[in-house]
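This report refers to the structure that appears directly beneath it.
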Amino acid sequence: MESSRGQTIGKMVVKLETRGANGGRPTMEEAVKRNIWVALTLLGIIPFVGGVLAGLAQLAAMIAIAVGISSDTAGRRGWHDKFAGGTQVVKVG
196 MESSRGQTIG KMVVKLETRG ANGGRPTMEE AVKRNIWVAL TLLGIIPFVG GVLAGLAQLA
256 AMIAIAVGIS SDTAGRRGWH DKFAGGTQVV KVG
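The working numbering applies: residue 196 is where the sequence shown begins, and numbers increase by one.
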């Protein structure tokens, strides 16, 4: 949904939009790279150990994103935005 509309349902509610490196909607590749950390939840389908690993991996990813955003005072971009090639979330409307 992020590559086709530039927004997820949550972003629509708070009037935010993801922009690709070119300033338009992100490409499918940029959207996948930007959200790859969400795939860590798939580890949860492995009984017990997978759930623990998925939880720890997601916690580590969220901390890394928060630290990355707060340390980049100029662009306010996390590592997931840089990894995706320069995506950015902006306020619309």
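No residue lacks a Cβ here, since even glycine has one placed at the ideal position from N, Cα and C.
Close-in-space but distant-in-sequence residues of the same chain around residue i (CB under 8 Å, 5 per side omitted)
| i | result |
| --- | --- |
| Thr222 | Ser198 and Gly215 |
Residue range of the unbroken beta strand (DSSP E) whose run includes residue i
| i | result |
| --- | --- |
| Val285 | Gln283 to Lys286 |
| Arg214 | Leu211 to Arg214 |
Rounded Cβ spacing between residue i and residue j (contact assumed at less than 8 Å)
| i | j | result |
| --- | --- | --- |
| Glu225 | Ala279 | 5 Å |
| Lys206 | Lys286 | That belief does not hold up - the Cβ atoms of Lys206 and Lys286 are roughly 10 Å apart, past 8 Å. |
8 Å Cβ cutoff met for residue i and residue j
| i | j | result |
| --- | --- | --- |
| Asp276 | Arg229 | yes |
| Gly273 | Gly288 | no |
| Trp232 | Ala249 | no |
Range of the contiguous alpha helix (DSSP H) that encloses residue i
| i | result |
| --- | --- |
| Val208 | Ile204 to Val208 |
| Arg229 | Met223 to Arg229 |
| Phe278 | Trp274 to Phe278 |
| Arg200 | Glu197 to Arg200 |
Beta-carbon contacts of residue i that lie in its chain and below 7 Å, excluding the five residues immediately before and after
| i | result |
| --- | --- |
| Gly281 | Ala216 |
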